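The structure appears below as structure tokens.
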Amino acid sequence: MRLLISPDNVDEAIVCAKAAQFLDIVDVKKPDEGSLGANYPWVIREIRSIVPADKPVSATLGDVPYKPGTVAQAALGAAVAGATYIKVGLMGCVTPAQGIEVMRGVWRSVKEYNPEALVVASGYADAHRVGCISPLSIPYIAQQSGSDVAMLDTAIKDGKSLFDHLPVEECRRFVESTHEANLLAALAGSVKSEHLEALTAMETDIVGVRGAVCERGDRNTGRIQPHLIAAFRAEMDRHRVAVS
Numbered sequence: 000m001r002l003l004i005s006p007d008n009v010d011e012a013i014v015c016a017k018a019a020q021f022l023d024i025v026d027v028k029k030p031d032e033g034s035l036g037a038n039y040p041w042v043i044r045e046i047r048s049i050v051p052a053d054k055p056v057s058a059t060l061g062d063v064p065y066k067p068g069t070v071a072q073a074a075l076g077a078a079v080a081g082a083t084y085i086k087v088g089l090m091g092c093v094t095p096a097q098g099i100e101v102m103r104g105v106w107r108s109v110k111e112y113n114p115e116a117l118v119v120a121s122g123y124a125d126a127h128r129v130g131c132i133s134p135l136s137i138p139y140i141a142q143q144s145g146s147d148v149a150m151l152d153t154a155i156k157d158g159k160s161l162f163d164h165l166p167v168e169e170c171r172r173f174v175e176s177t178h179e180a181n182l183l184a185a186l187a188g189s190v191k192s193e194h195l196e197a198l199t200a201m202e203t204d205i206v207g208v209r210g211a212v213c214e215r216g217d218r219n220t221g222r223i224q225p226h227l228i229a230a231f232r233a234e235m236d237r238h239r240v241a242v243s
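So this is what it looks like as structure tokens:
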């Protein structure tokens with residue numbers, strides 16, 4: 000299971016770089032613009048220069064509207080800035096067909112620039128609260144669009160976790176459907192250490208966190224701390240060993 004950490008500025012990215020041995024992916028986002036808020040291209044570029052070369056950088060494009068051309072241009076911008084995971088929150092899509100159309104545009108713009116980059120189709124465990132597509136449709140959308148990763152996060156950051164909106168068995172079904180499509184499964188959304196046993200058992204490929212490695216567990220006012228990254232990784236490894 001890979002650990003993805005989401006700093007919200009360059010200073011936090013420096014902290015992540017210092018703890019790089021404990022993480023696998025550094026994810027660039029701008030939380031004040033939404034769950035998957037997009038940061039500036041120059042911030043992506045600077046963070047890419049800070050993070051060790053063997054650690055991939057992920058960039059979110061935002062909780063995007065149903066505007067395939069706009070999103071495709073944003074995806075190319077993130078790729079040019081140095082991101083190798085391009086993540087799209089399908090907030091504005093209300094049908095699988097719309098999600099596929101958006102993600103196909105992203106796939107083409109990213110892969111024509113960098114065939115090695117990974118395209119991430121992300122839905123929301125709490126989709127019912129924001130009126131977007133069902134979270135369990137994301138693996139199908141990812142497969143049909145050529146994406147590499149199907150992901151779930153939470154749209155509203157109010158302390159409720161992924162599992163408060165989707166029971167463990169539904170999350171397991173999401174991961175199984177994603178693997179059946181030969182894609183990577185990523186889960187995030189106020190994930191804490193107590194969720195790692197379930198995430199490990201369902202063979203999640205990527206787990207994304209922010210609050211869990213921030214002071215006081217507060218994703219908004221707390222800052223990411225190296226010792227909390229190390230502790231979270233240790234707990235991940237403990238569960239991995241337990242099921243091996």
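Throughout the sequence shown, residue numbering follows numbering that gives the first Met the number 0, covering 0 to 243 in sequence.
Note that CB positions come from ideal geometry on N, CA and C, so glycine has one too.
In this text, all values refer to a predicted model and were calculated from it rather than measured experimentally.
Quiz item: Do the stretch 138 to 145 and the stretch 118 to 127 make contact, defined as three or more Cβ pairs closer than 8 Å?
Solution: yes
Quiz item: In angstroms, rounded to a whole number, what distance separates the CA positions of ALA233 and GLY68?
Solution: 42 Å
Exercise. State whether the stretch 97 to 113 contacts the stretch 172 to 190, with contact taken as three or more CB pairs (one from each stretch) at a distance under 8 Å.
Key: no
Practice problem: Assign ARG215 to buried or exposed, taking buried as 16 or more other Cβ atoms, counted over all protein chains shown, within 10 Å of its Cβ. | Solution: exposed
Quiz item: Do you know offhand how far VAL240's Cα is from ARG103's?
Solution: 38 Å
Exercise. State the Cα-Cα distance for the pair PRO25 and ALA96, rounded to the nearest angstrom.
Key: The amino acid occupying residue 25 in the given sequence is Val; Pro does not appear at that position. Spanning the two alpha carbons is a distance of roughly 30 Å.
Self-check item: Rounded straight-line distance, which links the Cα of ASP31 to that of ARG222
Solution: 15 Å
Exercise. Assign LEU151 to one of three DSSP states: helix, strand, or coil.
Key: strand
Self-check item: Unbroken beta strand (DSSP E) run spanning ASP53, endpoints
Solution: Taken as a continuous stretch (DSSP letters only), ASP53 belongs to no beta strand (DSSP E), as it is neither H nor E.
Quiz item: Counting along the chain, where does the beta strand (DSSP E) carrying LYS86 start and finish?
Solution: 84 to 88
Quiz item: Can you tell me the Cα-Cα spacing of PRO225 and ALA18, whole angstroms?
Solution: 5 Å
Quiz item: Measuring CB to CB, does VAL101 end up less than 8 Å from TYR65?
Solution: yes
Quiz item: Taking the DSSP output, what are the residues bridged to SER184?
Solution: Checking the displayed sequence, the identity of residue 184 turns out to be Ala instead of Ser. Answer is ALA149.
Quiz item: Grouping DSSP H, G and I as helix and E and B as strand, with all else coil, what is CYS170?
Solution: helix
Exercise. Would you identify the three-state DSSP class for GLY221, choosing helix, strand or coil?
Key: coil
Exercise. Count the C-beta pairs between the stretch 33 to 42 and the stretch 202 to 218 that are closer than 8 Å, then say yes if the count reaches three, no if not.
Key: no
Practice problem: Taking VAL93 and VAL63 to be in contact with their CB atoms under 8 Å, please state how far apart those CB atoms are, rounded to whole angstroms. | Solution: Going by Cβ atoms, the distance from VAL93 to VAL63 rounds to 13 Å, so no, they are not a contact pair.
Quiz item: So what does DSSP say about ASP7, is it helix, strand or coil?
Solution: coil
Exercise. Sort out for me which residues DSSP pairs ALA120 with in a bridge.
Key: VAL87, ALA149
Quiz prompt | Proximity winner among HIS238, ASP236, ILE228, MET235, relative to ALA16 (alpha-carbon distances) | solution = ILE228
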